[in-house]
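Structure first, commentary second.
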Amino acid sequence: MDEHEFERLIDRYQQGECTPEERQRLERWLDSLEKRSGRFEDWATTDQQRLGKEMLASLYERMKTAPASPFRRIRLVPLLKVAASLILLIGLGYWAGQSLPGWNQRSVAYQERTSTTGVTQCTLSDGTLVWLKGKSKLFFPTTFDGPQREVRLEGEALFEVAKDSAHPFLIRCGSLLTRVVGTSFNVKSSPDQQRIEVVVLTGKVKVSSLSGQEEILLLPRQKALYRAATRTVTKTVETRPESYLAGTQYDMRFEDTPVSEVIRRIERKFNVRIEVRGDERAERCLVSADLTDQSLATTLQLVVQALGGDYQQQGETVQLSIPGCS
392 MDEHEFERLI
402 DRYQQGECTP
412 EERQRLERWL
422 DSLEKRSGRF
432 EDWATTDQQR
442 LGKEMLASLY
452 ERMKTAPASP
462 FRRIRLVPLL
472 KVAASLILLI
482 GLGYWAGQSL
492 PGWNQRSVAY
502 QERTSTTGVT
512 QCTLSDGTLV
522 WLKGKSKLFF
532 PTTFDGPQRE
542 VRLEGEALFE
552 VAKDSAHPFL
562 IRCGSLLTRV
572 VGTSFNVKSS
582 PDQQRIEVVV
592 LTGKVKVSSL
602 SGQEEILLLP
612 RQKALYRAAT
622 RTVTKTVETR
632 PESYLAGTQY
642 DMRFEDTPVS
652 EVIRRIERKF
662 NVRIEVRGDE
672 RAERCLVSAD
682 LTDQSLATTL
692 QLVVQALGGD
702 YQQQGETVQL
712 SIPGCS
């Protein structure tokens with residue numbers, strides 16, 4: 392089977408349009424690939440290929456175990472063509488209020504957002520989403536109008552940074568500086584000021600101390616640990632970085648999820664109200680997608696493209712028109 396034919400069958404399977412003969416042909420091809428590549432373990436070398444391998448293996452398992460369903464299943468992202476997003480977790484640091492180079496020297500207006508209990512969500516001027524946890528404070532400019540986007544934090548927060556390669560996003564936490572372009576990360580500071588941790592789930596990030604130590608590159612599930620006593624940064628392994636996501640609406644992964652639930656999650660994450668117009672059969676659509684780390688506009692575009700509809704946004708209200716699933 393050539394690449395063009397494989398992609399055609401994958402698209403038909405994802406839309407629920409495969410004939411029994413096409414499904415059998417796709418299963419035979421997956422069986423042969425599994426035997427040749429040892430359950431896909433050696434199939435890919437790059438990060439994007441590895442992600443595609445995982446998705447392909449997942450598809451294989453679903454095809455082998457899923458019963459026939461009257462619902463139409465829709466995948467909002469092309470199989471094997473998804474770039475990994477980056478989740479960065481920074482922990483146990485502290486902003487002591489010390490003067491950092493350039494922070495108070497610019498004539499810009501800064502805002503302070505405070506969370507006293509639980510999780511509080513706020514949106515920065517560039518579209519970056521922030522979930523403040525516990526008794527935390529975030530200091531950020533009213534608008535980002537310089538060559539870089541810079542904030543500082545007291546406490547703990549999960550950031551989902553709007554992608555803008557021309558304007559890097561900087562987090563200053565204690566004596567550690569984290570520089571990102573388009574990513575998500577958790578920052579946690581403690582009053583003892585003794586250590587700062589940076590943990591990456593996917594993608595990569597560079598961290599450095601303000602004392603001028605060389606930058607350290609972190610890959611998925613690697614941790615940079617800064618110790619104030621020695622002013623050194625070392626690299627270790629983090630086994631459970633997902634635990635930092637608790638209490639936020641960051642995770643937007645869906646697997647055979649009804650459209651109504653997807654819409655509810657979008658409303659909660661972006662603090663908008665979505666009015667749905669169209670065929671009631673739209674509720675029969677089951678969505679499989681990873682919309683994590685996507686902006687509201689991109690999320691809505693993916694949804695309407697998959698469902699064959701359109702949308703209009705006015706302020707915090709979105710009118711979503713979808714024809715339904717047959």
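Counting from 392, one number per residue, gives the positions in the sequence shown under the working numbering. Yeah, the Cβ is synthetic: ideal placement off N, Cα and C, and Gly gets one too. These numbers were taken from a predicted model, which means no experiment stands behind them.
Query - Residues that DSSP places opposite residue 622 in a beta bridge - result: Per DSSP, none; premise fails for residue 622.
Requested in this report: Would you mind giving the Cβ-Cβ distance between residue 650 and residue 676, rounded to the nearest angstrom? I have them listed as a contact below 8 angstroms.
Outcome: 5 angstroms
Query raised in the report: According to DSSP, what are the bridge partners of residue 684?
Result: DSSP output for residue 684 lists no bridge partner at all.
Query raised in the report: To the nearest angstrom, how far is it from the Cα of residue 610 to the Cα of residue 620?
Result: Their Cα atoms are separated by approximately 25 angstroms.
Query - Residue of 632, 417, 661, 570 minimising C-alpha distance to residue 707 - result: By alpha-carbon distance to residue 707, the top candidate from 632, 417, 661, 570 is 661.
Requested in this report: Could you name the residues of the same chain whose beta carbon sits closer than 8 angstroms to that of residue 646, not counting the 5 residues immediately before and after it, in chain order?
Outcome: 679
Report task. Specify whether the segment 543–555 and the segment 598–605 touch according to this definition: at least 3 beta carbon pairs, one from each stretch, less than 8 angstroms apart. Result -> no
Query raised in the report: From residue 416 to residue 697, what distance separates their C-alpha atoms?
Result: 25 angstroms
Report task. Let me know if residue 653 comes out buried or exposed under the rule of 16 or more other beta-carbons within 10 Å of its beta-carbon. Result -> buried
**Report entry** CB-CB length for residue 510 against residue 523, believed under 8 angstroms
**Finding:** 7 angstroms
Query raised in the report: Mind checking whether the beta-carbon of residue 700 lies closer than 7 angstroms to any heavy atom of the ligand NAD?
Result: Within the structure as shown, the ligand NAD is missing, as the structure has no ligands at all.
Query raised in the report: What residue does the alpha helix (DSSP H) around residue 651 start on, and which one ends it?
Result: 650–661
Requested in this report: Measure the alpha-carbon distance for residue 527 versus residue 588 and round it to whole angstroms.
Outcome: For residue 527 and residue 588, the distance between alpha carbons rounds to 17 angstroms.
Report task. Grab me the residues of residue 437's own chain with a C-beta within less than 7 angstroms of its C-beta, minus the 5 sequence neighbours each way, in chain order. Result -> Low local confidence applies: a pLDDT of 42 at residue 437 is under 50, so the model's placement there is unreliable, and no value is given.
Query raised in the report: Taking the DSSP output, what are the residues bridged to residue 599?
Result: 568
Requested in this report: Note down, in chain order, each residue of its chain lying with its Cβ closer than 6 angstroms to the Cβ of residue 629, except the 5 sequence neighbours on either side.
Outcome: Cβ contact annotation for residue 629 (same chain, cutoff 6 angstroms, sequence separation greater than five): 590, 612, 614, in chain order.
Requested in this report: Just confirm the distance between the C-beta atoms of residue 570 and residue 597, as a whole number of angstroms; I'd bet it's less than 8 angstroms.
Outcome: 6 angstroms
Query raised in the report: Who does residue 531 pair with in a DSSP beta bridge?
Result: DSSP links residue 531 through a beta bridge to 502.
Query raised in the report: beta strand (DSSP E) containing residue 668: first to last residue?
Result: 664–669
**Report entry** Per DSSP, the bridge partner or partners of residue 614
**Finding:** 590, 627
Report task. Within 10 angstroms of the Cβ of residue 553, are there 16 or more other Cβ atoms? Answer buried if so, exposed if not. Result -> Burial call: buried.
Requested in this report: Hey, could you find the ends of the beta strand (DSSP E) residue 641 is sitting in?
Outcome: Careful: residue 641 lies outside any beta strand (DSSP E) and carries neither H nor E.
Requested in this report: Identify, in the order they occur along the chain, each residue of the same chain with its Cβ nearer than 7 angstroms to the Cβ of residue 539, setting aside the five sequence neighbours on each side.
Outcome: 558, 559, 561
Query raised in the report: Apart from the five residues just before and just after residue 659, which ones in its own chain have a Cβ nearer than 7 angstroms to its Cβ?
Result: If we look at residue 659 and ignore the five residues flanking it on each side, its Cβ neighbours are 640.
Query raised in the report: To the nearest angstrom, how far is it from the Cα of residue 625 to the Cα of residue 567?
Result: Near 12 angstroms, if we compare the C-alpha coordinates of residue 567 and residue 625.
Query raised in the report: Near residue 551, what residues of its chain come up, given a Cβ to Cβ distance below 7 angstroms and the 5 sequence neighbours on each side ignored?
Result: 519, 520, 575, 641, 684
Query - Unbroken beta strand (DSSP E) run spanning residue 705, endpoints - result: 701–705
Query raised in the report: With which residues is residue 516 paired in a DSSP beta bridge?
Result: In the DSSP output, where bridge partners are listed per residue, residue 516 has none listed.
Requested in this report: To the nearest angstrom, report how far apart residue 701 and residue 664 are at their CA atoms.
Outcome: Whole-angstrom Cα-Cα distance: 16 angstroms.
Query raised in the report: For residue 708, does the three-state DSSP call read helix, strand or coil?
Result: Judged by DSSP in its simplified three-state form, residue 708 adopts strand.
Requested in this report: Measure from the alpha carbon of residue 686 to the alpha carbon of each residue in 555, 668, 534, then state which is nearest.
Outcome: 555
**Report entry** Nonlocal neighbours in the same chain, by C-beta distance under 6 angstroms from residue 711, ignoring five residues either side
**Finding:** Contacts found: 665, 667, 702.
**Report entry** For residue 697, the three-state DSSP class (helix, strand or coil)
**Finding:** helix
Requested in this report: Find out if the Cβ-Cβ distance for the pair residue 534, residue 516 is shorter than 8 angstroms.
Outcome: Result yes, Cβ atoms of residue 534 and residue 516 sit closer than 8 angstroms.
Requested in this report: Take residue 507 as the anchor and find which of 514, 418, 525 has the nearest alpha-carbon.
Outcome: 525
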